[in-house]
Amino acid sequence: MLSMKNISKVYQTEKVQTHALRDFNLEVKEGEFIAVTGPSGSGKTTFLNIAGMLEPFSSGEFMLDDVNVGTLSDNERADLRNQKIGFIFQGFNLIPDLNLYENIEVPLRYRGIKAAERKLRIEECLEKVGLASRAKHLPQQLSGGQQQRVAIARALAGKPRFLLADEPTGNLDSLMARQVMELLENINTEGSTIIMVTHDQELARRAPRNIQVVDGQLADFTLYQNKSSDSV
Ligand code: ADP
Ligand code: ADP
Numbered sequence: 397m398l399s400m401k402n403i404s405k406v407y408q409t410e411k412v413q414t415h416a417l418r419d420f421n422l423e424v425k426e427g428e429f430i431a432v433t434g435p436s437g438s439g440k441t442t443f444l445n446i447a448g449m450l451e452p453f454s455s456g457e458f459m460l461d462d463v464n465v466g467t468l469s470d471n472e473r474a475d476l477r478n479q480k481i482g483f484i485f486q487g488f489n490l491i492p493d494l495n496l497y498e499n500i501e502v503p504l505r506y507r508g509i510k511a512a513e514r515k516l517r518i519e520e521c522l523e524k525v526g527l528a529s530r531a532k533h534l535p536q537q538l539s540g541g542q543q544q545r546v547a548i549a550r551a552l553a554g555k556p557r558f559l560l561a562d563e564p565t566g567n568l569d570s571l572m573a574r575q576v577m578e579l580l581e582n583i584n585t586e587g588s589t590i591i592m593v594t595h596d597q598e599l600a601r602r603a604p605r606n607i608q609v610v611d612g613q614l615a616d617f618t619l620y621q622n623k624s625s626d627s628v
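Quick note: the sequence shown uses our numbering, first residue 397, plus one each step.
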């Protein structure tokens with residue numbers, strides 16, 4: 397469970413104060429798949445970064461599975477992030493001179509996971525995203541859609557309860573975007589809670605729950621009862 401109550405975020409630069417989020421309220425239940433849409437600059441990335449504990453919030457209460465995030469030390473917060481959160485970004489963020497296997501391995505090493513366990517997880521995750529035969533390839537030898545699947549495998553290798561995706565299909569053509577969406581749907585079915593920011597209305601409609609951020613607040617939300625893709 398992820399819950400935000402009256403979360404506000406103020407960015408203060410020399411002359412300008414920006415309220416990126418104001419009194420933002422949201423409850424996310426275990427196993428949900430949520431698409432987040434809204435105008436540019438409305439606070440979507442800020443919300444996602446706060447949800448992933450990548451940046452602090454200014455006020456309000458943020459609970460992640462009964463842990464009050466605002467009360468944690470830097471180390472406790474980093475541990476919680478490593479345990480529970482996986483990220484996927486628009487630009488894939490793969491390391492260009494490491495092969496796919498090594499790319500997935502980096503965060504596992506960082507978490508102190510032993511070699512044998514790393515190998516198991518990496519092979520399983522590469523299999524899951526359909527790239528098992530490409531383990532030795534470099535990112536540049538793959539299409540954009542395949543690179544994003546590696547980034548998804550890297551996130552999955554951490555066994556995250558929450559998968560946070562910021563415009564994961566923003567750099568992909570519509571076919572590849574759909575493949576990435578299908579992969580996310582499978583991952584969700586297997587139990588990860590997914591929150592995905594997207595500009596793509598068609599993809600958003602495929603998610604079981606849509607929320608919209610406008611001016612730093614949840615504007616509206618629609619619960620789509622029927623997940624079948626009648627809109628596609
Ligand atoms: P979205 O993801 O919906 O496009 P963002 O969350 O990126 O919106 O930004 C929300 C608001 O906060 C915007 O007005 C943006 O300019 C501002 N903002 C975001 N990051 C920073 C930052 N690091 N410093 C100052 N202002 C920022
Ligand atoms: P920096 O100081 O390098 O710009 P940040 O802007 O990420 O780093 O964070 C500023 C301070 O807020 C740091 O002490 C950081 O540990 C803390 N912080 C970061 N994320 C959170 C969070 N989700 N909740 C509370 N504090 C946080």
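For glycine and all other residues, C-beta sits at the position ideal for the given N, C-alpha and C.
Across the structure, Gln542 and Arg574 are spaced so that their CA atoms are roughly 12 Å apart.
In the DSSP assignment, Gln608 falls within the beta strand (DSSP E) that extends over 605-610. Only residues of its own chain outside the window of five on either side were considered, and among them Gly434, Ser438 have a CB closer than 6 Å to the CB of Val610, listed in chain order.
Residue environment: Ala551 is assigned as buried (16 or more neighbouring CB atoms within 10 Å of its CB, all protein chains considered). The C-beta separation of Ala549 from Leu527 comes to about 7 Å, placing the pair in contact by the 8 Å criterion. Assignment of Val502 by DSSP, reduced to helix, strand and coil, places it in the helix class.
Going by DSSP, Lys405 is part of the beta strand (DSSP E) stretching over 398-408.
Distances from the CA of Lys524 to each of Leu398, Lys480, Leu579 were compared; the closest alpha carbon is that of Leu579.
Straight across, the Cα-Cα distance linking Ser570 with Arg545 is about 15 Å. From the listed residues Ile509, Lys405, Phe429, Glu423, the smallest Cα separation to Ser588 is found for Phe429. Non-local C-beta neighbours of Glu501 in its own chain, meaning closer than 7 Å and more than five positions away in sequence, comprise Arg514, Ile518, ordered along the chain.
Going by beta carbons, Gly456 and Phe420 fall inside the 9 Å limit. A heavy atom of ligand 1 is found nearer than 8 Å to the CB of Phe443.
Residue burial is scored here from C-beta neighbours: Arg477 has at least 16 other C-beta atoms within 10 angstroms and is therefore classed as buried. When C-beta atoms of the segment 588-598 are compared with those of the segment 441-449, three or more pairs fall below 8 Å, so the two segments count as touching.
Counted as a single uninterrupted DSSP element, the beta strand (DSSP E) harbouring Met459 occupies residues 455-460. A distance criterion of 8 Å places the beta-carbon of Pro435 in contact range of ligand 1, judged by its closest non-hydrogen atom. About 17 Å separates the beta carbons of Ile583 and Val432, which is beyond the 8 Å limit, so they are not a contact pair.
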